[in-house]
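K.L.:
The listed protein sequences correspond, in order, to chains A and B. According to the numbering used here, numbering within the first sequence proceeds without interruption in unit steps and concludes at 104. According to the numbering used here, numbering within the second sequence proceeds without interruption in unit steps and concludes at 492. We put the beta carbon where it would ideally sit given N, CA and C, even for glycine. In this text the structure is predicted, and so the values were computed from the model without any measurement. This is the structure I have questions about; it appears just below.
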Amino acid sequence: MHDKKVMIVTVFLMMNIALFVLMIVHSSYSRHHLQPMVAEQAGMVVKYGLTDLCLFTDARYTRHPTMADLNTPFQDYPLSFEHFPSGSLVPPPPHLVSNVVE
Amino acid sequence: MSWSSAWLDRQRNFIGLTLDFLMRKKGKHAALFLVYALIVFLLSSVLFFTHAVKKEASLILAGAPEIILQRLVAGRHDLMPEEAIAKVSSITGVASVTGRLWGYYYDTVFRANYTLMVPQDFQYGEGKVVIGQGVSRSSIVSEGGMMPLKAHDGTIVTLTVQEILPSDSELISSDLILVSEKDFRHIFGIQKGLMTDLAVSVRNPKEIATVAAKIKKMIPDSRPITRSEILRTYDAIFNWRGGIMLLILSGCVIAFMIFSWDKASGLSADEKKEIGILKATGWETSDVILLKFWEGMVISLGSFLVGVVLAYLHVFFTSSVLFSPVLKGWSVLYPEFRLVPFIDAYQMVAIFCLTVLPYTAATIIPAWKTANTDPDAVMRT
Chain A
3 MHDKKVMIVT
13 VFLMMNIALF
23 VLMIVHSSYS
33 RHHLQPMVAE
43 QAGMVVKYGL
53 TDLCLFTDAR
63 YTRHPTMADL
73 NTPFQDYPLS
83 FEHFPSGSLV
93 PPPPHLVSNV
103 VE
Chain B
112 MSWSSAWLDR
122 QRNFIGLTLD
132 FLMRKKGKHA
142 ALFLVYALIV
152 FLLSSVLFFT
162 HAVKKEASLI
172 LAGAPEIILQ
182 RLVAGRHDLM
192 PEEAIAKVSS
202 ITGVASVTGR
212 LWGYYYDTVF
222 RANYTLMVPQ
232 DFQYGEGKVV
242 IGQGVSRSSI
252 VSEGGMMPLK
262 AHDGTIVTLT
272 VQEILPSDSE
282 LISSDLILVS
292 EKDFRHIFGI
302 QKGLMTDLAV
312 SVRNPKEIAT
322 VAAKIKKMIP
332 DSRPITRSEI
342 LRTYDAIFNW
352 RGGIMLLILS
362 GCVIAFMIFS
372 WDKASGLSAD
382 EKKEIGILKA
392 TGWETSDVIL
402 LKFWEGMVIS
412 LGSFLVGVVL
422 AYLHVFFTSS
432 VLFSPVLKGW
442 SVLYPEFRLV
452 PFIDAYQMVA
462 IFCLTVLPYT
472 AATIIPAWKT
482 ANTDPDAVMR
492 T
């Protein structure tokens with residue numbers, strides 16, 4: 003009885019370990035396989051002079067967080083609340099907070 | 112019988128006994144396994160997603176303009192006069208300066224936001240556009256189709272879709288509409304001689320910060336944004352120390368603390384009695400610890416592996432379907448991008464250390480304490 007249970011658990015753990023190893027192999031293979039896709043996007047960034055990833059399209063300061071201005075938290079009036087959901091996902095870019103260049 | 116096979120037999124017996132203990136409260140342990148796997152899944156999904164986006168952003172945006180120069184008026188982004196190009200070009204170290212024309216367009220019919228942009232060399236000319244996959248999806252238009260856009264003066268500008276950008280580039284181009292300069296100026300009513308901002312190229316990359324400071328001094332109402340700041344932005348957005356990441360991660364960590372605290376705060380009377388009986392029948396403290404080690408291992412290692420593998424499938428095979436309601440927000444146009452599965456040993460070790468180790472330790476320590484006390488006293492409590 004013990005042997006059967008031990009076998010089931012061992013097979014279960016081994017299957018998971020095999021899947022885990024497969025995941026690592028897949029990750030490594032995909033990185034190599036998807037290199038042209040990344041290169042194509044990098045090429046478009048150079049060609050069109052793009053600055054941001056298209057992750058959120060609801061608010062302009064989350065569509066282009068790097069281009070956001072110092073006024074974005076007060077879109078409607080001073081002290082107005084943030085109302086775009088993506089605004090709570092995207093913190094202010096470091097250069098707006100630290101102002102290194104200035 | 113050789114030493115190794117005796118050792119294996121011993122471990123097998125321990126695992127068998129562990130399973131007997133676990134099966135005695137199978138409902139409780141099954142629930143524990145599921146919740147544990149769910150927490151690992153959530154934690155791993157967040158880590159996989161954020162790491163992959165950060166890594167991809169750093170690769171894709173490595174060729175972004177070295178300096179973007181914006182003009183600020185009353186704290187807001189304003190249009191840049193063309194004369195600034197000559198001024199900036201005169202700065203030593205500047206290789207070239209080009210004016211960029213881009214803006215946002217809200218489509219009132221499909222309620223989607225688009226990014227309109229004028230490429231440096233737009234091959235198709237007036238009346239033609241190149242659109243991203245997201246625009247094509249949301250406005251239901253394909254190659255050769257017509258795209259009516261409302262200009263600033265209320266007139267309708269009908270543009271022909273000449274090309275749709277490849278779906279592999281959705282992460283950067285999903286909402287893009289590439290138009291000619293003339294159409295762009297007509298749609299937004301921007302006069303000739305005005306630009307959205309400037310892209311500055313610097314000869315020596317080491318001088319970018321110096322050139323940016325010189326520009327700022329020369330044009331005080333401007334704001335230079337350097338490439339390194341662009342790259343740092345994506346590092347900051349998906350940093351685990353800020354925003355929603357911290358919220359999700361702290362939820363997971365607190366759940367784990369509750370788990371571990373529950374375990375570490377002591378064994379139940381039944382469990383103590385079991386250990387007392389084992390000790391009374393001749394078990395060593397090390398045997399009890401080994402038994403508890405296997406108990407912790409079966410649950411935590413199993414949950415860890417199940418959680419991590421499911422998280423990988425979730426993020427890289429289903430495009431993080433469970434996160435999409437959060438990521439979409441109010442966006443009508445949402446890019447359907449596929450992330451490159453960037454995972455590394457550091458992430459795995461971090462997840463393992465955050466999940467498996469505390470639980471296993473929390474299982475062993477109270478058992479060790481109980482096993483060290485007198486079996487008679489333990490059984491009488």
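Starting from the beta carbon of valine 13 of chain A, find every residue of chain B whose beta carbon is closer than 9 angstroms, and list them in chain order.
P.N.:
As a working note, residue 13 of chain A is residue 11 in the first sequence. Within chain B, no residue comes near valine 13 of chain A; the closest Cβ sits about 12 angstroms away, beyond 9 angstroms.
K.L.:
What ranges does the beta strand (DSSP E) occupy inside the region 266 to 340 of chain B, keeping only unbroken runs of at least 3 residues that lie completely in it?
P.N.:
For the region 266 to 340 of chain B, whole beta strand (DSSP E) runs of length 3 or above, ordered along the chain, are 267 to 275, 287 to 289, 308 to 313, 333 to 337.
K.L.:
Where do the ends of the alpha helix (DSSP H) carrying proline 477 of chain B lie?
P.N.:
As a working mapping, residue 477 of chain B is identified with position 366 in the second sequence. Where proline 477 of chain B is concerned, the enclosing alpha helix (DSSP H) stretches over 456 to 482.
K.L.:
Using the rule of at least 16 other Cβ atoms within 10 Å of the residue's Cβ for burial, across every protein chain shown, is glutamate 340 of chain B buried or exposed?
P.N.:
Walking along the second sequence from the start, residue 340 of chain B turns up at place 229. The residue is buried, with at least 16 neighbouring Cβ atoms inside 10 Å.
K.L.:
Can we count methionine 257 of chain B as close to the ligand FAD, meaning its CB is less than 7 angstroms from some heavy atom?
P.N.:
The ligand FAD is not part of the structure shown, which contains no ligands of any sort.
K.L.:
Put valine 11 of chain A into one of helix, strand or coil per three-state DSSP.
P.N.:
Taking the first residue of the first sequence as position 1, residue 11 of chain A is located at position 9. Valine 11 of chain A: helix per DSSP, three-state reduction.
K.L.:
If you pair each beta-carbon of the region 201 to 216 of chain B with each one of the region 262 to 282 of chain B, do three or more pairs fall below 8 angstroms?
P.N.:
Touching, no.
K.L.:
Can a CB atom of chain A be found closer than 8 angstroms to the CB of valine 146 of chain B?
P.N.:
Taking the first residue of the second sequence as 1, we reach residue 146 of chain B at position 35. Judged by the 8 angstroms Cβ criterion, valine 146 of chain B is not in contact with chain A.
K.L.:
So within the region 147 to 190 of chain B, which uninterrupted beta strand (DSSP E) runs reach at least 3 residues, ignoring any that extend past its ends?
P.N.:
Listed in chain order, the complete beta strand (DSSP E) runs (minimum 3 residues) inside the region 147 to 190 of chain B are 178 to 184, 187 to 189.
K.L.:
Go ahead and pull the three-state DSSP assignment for alanine 61 of chain A.
P.N.:
One-based indexing of the first sequence puts residue 61 of chain A at position 59. Correct three-state label for alanine 61 of chain A: coil.
K.L.:
Distance check for glycine 238 of chain B and glycine 195 of chain B, CA to CA, integer angstroms please.
P.N.:
Your numbering for residue 195 of chain B matches position 84 in the second sequence. Your numbering for residue 238 of chain B matches position 127 in the second sequence. According to the sequence provided, residue 195 of chain B is alanine. The question's glycine does not apply to it. Taking the straight line from one Cα to the other gives about 29 angstroms.
K.L.:
Please state if the CB of methionine 306 of chain B and the CB of glutamate 447 of chain B are separated by a distance shorter than 8 angstroms.
P.N.:
Your numbering for residue 447 of chain B matches position 336 in the second sequence. Your numbering for residue 306 of chain B matches position 195 in the second sequence. No, they are not a contact pair.
K.L.:
Near leucine 416 of chain B, which residues of its chain fall below 7 angstroms by C-beta distance, leaving aside the five closest residues on each side in sequence?
P.N.:
For the purposes of this step, residue 416 of chain B is identified with residue 305 of the second sequence, where counting begins at 1. Counting only Cβ-Cβ distances below 7 angstroms, and skipping sequence neighbours, we find nothing.
K.L.:
What do you get for tyrosine 345 of chain B, buried or exposed, if any count of 16 or more other CB atoms within 10 angstroms of its CB means buried?
P.N.:
Walking along the second sequence from the start, residue 345 of chain B turns up at place 234. Under this definition tyrosine 345 of chain B is a buried residue.
K.L.:
With DSSP as the reference, identify every bridge partner of arginine 211 of chain B, one or two as the case may be.
P.N.:
Walking along the second sequence from the start, residue 211 of chain B turns up at place 100. Paired residues: B:Asp308.
K.L.:
Mind checking whether leucine 153 of chain B and isoleucine 410 of chain B have CB atoms under 8 angstroms apart?
P.N.:
Looking up residue 153 of chain B in the second sequence gives position 42. Looking up residue 410 of chain B in the second sequence gives position 299. No, the Cβ-Cβ distance between leucine 153 of chain B and isoleucine 410 of chain B is not below 8 angstroms.
K.L.:
Just the Cα atoms here: how many angstroms apart are phenylalanine 221 of chain B and phenylalanine 159 of chain B?
P.N.:
Counted from its first residue, the second sequence places residue 221 of chain B at position 110. Counted from its first residue, the second sequence places residue 159 of chain B at position 48. Roughly 33 angstroms separates the two Cα atoms.
K.L.:
So which residues of chain A does valine 240 of chain B contact, with C-beta pairs closer than 9 angstroms?
P.N.:
Taking the second sequence and counting its residues from 1, one reaches residue 240 of chain B at position 129. Residues of chain A passing the Cβ test: none, with the nearest at roughly 14 angstroms.
K.L.:
Span of the beta strand (DSSP E) holding alanine 223 of chain B?
P.N.:
The residue you call residue 223 of chain B lines up with position 112 of the second sequence. Taken as a continuous stretch (DSSP letters only), the beta strand (DSSP E) holding alanine 223 of chain B covers 223 to 229.
K.L.:
Any contact between the region 389 to 397 of chain B and the region 453 to 468 of chain B? By contact I mean 3 or more CB pairs, one from each, below 8 angstroms.
P.N.:
Segments in contact, no.
K.L.:
Could you have a look at aspartate 232 of chain B and say whether DSSP puts it in helix, strand or coil?
P.N.:
In the second sequence, residue 232 of chain B corresponds to position 121, counting from 1. Coil.
K.L.:
Per DSSP, which one or two residues make a beta bridge with valine 241 of chain B?
P.N.:
As a first step, residue 241 of chain B must be located in the second sequence, where it is residue number 130. In the DSSP output, where bridge partners are listed per residue, valine 241 of chain B has B:Glu274, B:Leu289.
K.L.:
For valine 293 of chain B, which residues of its own chain have a beta-carbon under 8 angstroms away from its beta-carbon, when the five flanking residues on both sides are left out?
P.N.:
Counting from one through the second sequence, the residue named residue 293 of chain B turns up at place 182. In the sequence on display, residue 293 of chain B carries lysine and not valine. Closer than 8 angstroms at the Cβ level, and outside the excluded window around lysine 293 of chain B, lie Glu237.
K.L.:
How would you call glutamate 385 of chain B, buried or exposed, if buried means at least 16 neighbouring beta carbons within 10 angstroms?
P.N.:
Stepping through the second sequence from its first residue, residue 385 of chain B is reached at position 274. That one is buried.
K.L.:
Taking beta-carbon pairs under 9 angstroms, can you tell me which members of the region 435 to 449 of chain B lie near chain A?
P.N.:
Residues Val437, Leu438, Lys439, Gly440, Trp441, Ser442, Val443, Leu444, Tyr445, Pro446, Phe448, Arg449.
K.L.:
Taking 8 angstroms as the cut-off, does the region 164 to 179 of chain B touch the region 305 to 324 of chain B (at least 3 CB pairs, one atom from each stretch)?
P.N.:
Because the criterion of three Cβ pairs below 8 angstroms is met, the region 305 to 324 of chain B and the region 164 to 179 of chain B touch.
K.L.:
Tell me which same chain residues have a C-beta within less than 7 angstroms of the C-beta of proline 67 of chain A, skipping the five on either side of it?
P.N.:
Residue numbering aside, residue 67 of chain A sits at position 65 when the first sequence is read from its first letter. Same-chain partners within the cutoff: Asp54, Val92, Pro95.
K.L.:
Leaving out five residues before and five after tyrosine 215 of chain B in sequence, what residues of the same chain have Cβ atoms less than 8 angstroms from its Cβ?
P.N.:
Walking along the second sequence from the start, residue 215 of chain B turns up at place 104. Excluding positions up to five away in sequence, the list reads Asn224, Tyr225, Thr226, Leu227.
K.L.:
Exposed or buried, alanine 175 of chain B, counting other C-beta atoms within 10 Å across all chains shown (16 or more means buried)?
P.N.:
Start at 1 with the first residue of the second sequence, and residue 175 of chain B comes out as number 64. Buried.
K.L.:
Quick check: the region 25 to 41 of chain A against the region 55 to 66 of chain A, are at least 3 beta-carbon pairs closer than 8 angstroms?
P.N.:
At 8 angstroms Cβ cutoff, the stretches do not touch.
K.L.:
Does the Cβ of tryptophan 213 of chain B have 16 or more other Cβ atoms within 10 Å, making it buried, or fewer, making it exposed?
P.N.:
One-based indexing of the second sequence puts residue 213 of chain B at position 102. It is buried - the Cβ of tryptophan 213 of chain B has at least 16 other Cβ atoms within 10 Å.
K.L.:
Using a beta-carbon distance cut-off of less than 9 angstroms, what residues from the region 46 to 64 of chain A approach chain B?
P.N.:
Here the close residues are Met46, Val47, Val48, Lys49, Tyr50, Gly51, Leu52, Thr53, Asp54, Leu55, Cys56, Leu57, Phe58, Thr59, Asp60, Ala61, Arg62, Thr64.
K.L.:
Using a C-beta cutoff of 8 angstroms, does glycine 204 of chain B count as contacting chain A?
P.N.:
Residue mapping note: residue 204 of chain B aligns to position 93 of the second sequence, counting from 1. False, the Cβ-Cβ gap to chain A never drops below 8 angstroms.
K.L.:
Please return the same chain residues whose Cβ sits closer than 7 angstroms to the Cβ of glutamine 244 of chain B, not counting the five positions on each side in sequence.
P.N.:
Within the second sequence, residue 244 of chain B is the residue found at index 133, counting from 1. The residues are Ile275, Leu276, Ser278, Glu281, Ser285.
K.L.:
My guess is that valine 241 of chain B and leucine 289 of chain B are in contact by the Cβ rule of under 8 angstroms, so how many angstroms apart are they, rounded?
P.N.:
The residue you call residue 241 of chain B lines up with position 130 of the second sequence. The residue you call residue 289 of chain B lines up with position 178 of the second sequence. With a Cβ gap of about 4 angstroms, valine 241 of chain B and leucine 289 of chain B count as contacting.
K.L.:
Based on Cα-Cα distance, which residue from B:Val246, B:Lys317, B:Ile359, B:Asp487 lies nearest to aspartate 218 of chain B?
P.N.:
As a working note, residue 218 of chain B is residue 107 in the second sequence. When only C-alpha atoms are compared, the closest one is B:Val246.
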